[in-house]
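FYI, in mature numbering (1 follows the signal peptide of the UniProt record, and there is no 0) the residues of the sequence shown are -20 to -1, 1 to 231. C-beta atoms are modelled at their ideal positions from N, C-alpha and C, and glycine is treated no differently. For clarity, every value in this text was computed on a predicted model and none was experimentally measured. Remarks on the structure that follows.
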Amino acid sequence: MKFAKFFLFSVLSFSILNCAELFQSRDKKDNTDALFAALFASPSCGPSAVSGSAGNGTRYLFTGCSGDPTSVLRAFGFTSSGVTFNAGIQGTSLASTIITNASSLSTSGNDSKAGIEITYLMNQGDSLVDALVQSTSSFAGPGVQFSPTQAQWLNGSTPSAFVTTPSIAWTSSVGIEKTVCIEVHKENANAHIFGWSSACNSVNRSAYEFEEEDAVITGFTGDRVGLKINKAVIKSITIYSTVIGTAGSLQ
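And the structure:
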């Protein structure tokens, strides 16, 4: 009997100590992430709050970042693979990626919404930037693929032409910084994907430059923002916490 009591006491003590260590470990990780974020942040590297006619959001500037991209971007809330810092986040193929570690939705629920602004620089004529909005952690979901001369909507890794396209074709953006604004709304389980080839604060929020309504998406269950960066450099990304577009079938 005494042995049973001693054994029970030992098990309980071990469990309590393990729980305490677990919570201390989580607190330590949170504190470490915050410390790293503060350490790596500078006026040209890291997050800052933004507001304007497009609404409110968080802008992540990467032009002044240096050091180990994995550690720096993790401190800012991203997981990265195959990227380096070179006046921004530089990628060499569609295997060069960053993705948010937490939900990046502006509106959650059955009619979820998410919007972002990206400033990028393309290095070659075959450069691509895939922007997945409401993505899973494995880059499944809707988005937009940008090349130097056009935008196409994405179902995961599969691009298709937008039904609504710019009336004036884009001039090549190779070697020139370009800013785009895109948003994805979940509507009746399909995606309403749209955007503009300019900064979000300068767009006509009720008239879209490129648009695809009722896009059928495979695995439309994500809430992240992810970028695939092929022969391009990401200068900044702004993730909006408010809805940008005001036109469409469901608002």
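Limits of the alpha helix (DSSP H) - the one that residue i falls within
i          : result
residue 51 : 49 to 55
Cβ-Cβ separation, residue j to residue i (assumed contact under 8 Å), whole Å
i           : j           : result
residue 173 : residue 164 : 5 Å
residue 92  : residue 128 : Not a contact, Cβ separation roughly 31 Å.
residue 106 : residue 208 : Their Cβ separation, rounded to whole angstroms, is 14 Å, which puts residue 106 and residue 208 out of contact at 8 Å.
residue 214 : residue 96  : Their Cβ separation, rounded to whole angstroms, is 11 Å, which puts residue 214 and residue 96 out of contact at 8 Å.
Spatial neighbours of residue i in its chain, beta-carbon cut-off 7 Å, leaving aside the 5 residues before and after
i           : result
residue 117 : 79 and 204
residue 58  : 78, 79, 80 and 81
residue 64  : 49 and 70
residue 226 : 185 and 186
residue 3   : Only weak support is given to the placement of residue 3: the predicted model assigns it a pLDDT of 42, under 50, and the question is left unresolved by the model.
residue 87  : 93 and 223
Those residues which DSSP pairs with residue i across a bridge
i           : result
residue 157 : 101
residue 132 : 125
residue 175 : 162 and 190
residue 65  : 69
residue 110 : 125 and 208
residue 216 : 41 and 99
residue 58  : 80
residue 22  : 25
residue 94  : 164
residue 170 : 167
residue 87  : 93
residue 152 : Paired residue(s): none; residue 152 is not in a bridge.
residue 144 : 191
residue 35  : 32
Euclidean distance between Cα positions of residue i and residue j
i           : j           : result
residue 200 : residue 71  : 26 Å
residue 104 : residue 175 : 23 Å
residue 146 : residue 130 : 9 Å
residue 18  : residue 179 : Caution applies to residue 18, whose pLDDT of 49 falls short of 50 and renders its modelled position unreliable; the model cannot decide the point.
residue 67  : residue 41  : 10 Å
residue 36  : residue 85  : 12 Å
residue 166 : residue 151 : 31 Å
residue 157 : residue 169 : 35 Å
residue 132 : residue 148 : 15 Å
residue 23  : residue 222 : 24 Å
residue 135 : residue 25  : 31 Å
residue 83  : residue 114 : 9 Å
residue 140 : residue 27  : 32 Å
residue 171 : residue 60  : 26 Å
residue 183 : residue 47  : 35 Å
residue 212 : residue 102 : 4 Å
residue 224 : residue 198 : 24 Å
residue 32  : residue 121 : 28 Å
residue 108 : residue 177 : 15 Å
residue 195 : residue 137 : 14 Å
residue 34  : residue 155 : 27 Å
residue 181 : residue 39  : 13 Å
residue 162 : residue 124 : 8 Å
residue 99  : residue 29  : 17 Å
residue 90  : residue 202 : 12 Å
Range of the contiguous beta strand (DSSP E) that encloses residue i
i           : result
residue 210 : 204 to 210
residue 74  : First-last for residue 74: undefined, no H or E at that position.
residue 29  : 26 to 32
residue 140 : 138 to 140
Close-in-space but distant-in-sequence residues of the same chain around residue i (CB under 8 Å, 5 per side omitted)
i           : result
residue 143 : 191, 192 and 193
residue 43  : 24, 25, 67, 68, 215 and 216
Close-in-space but distant-in-sequence residues of the same chain around residue i (CB under 6 Å, 5 per side omitted)
i           : result
residue 119 : 112 and 206
residue 74  : 208 and 210
residue 76  : 62, 63 and 209
residue 45  : 25, 52 and 65
residue 188 : 174
residue 126 : 109
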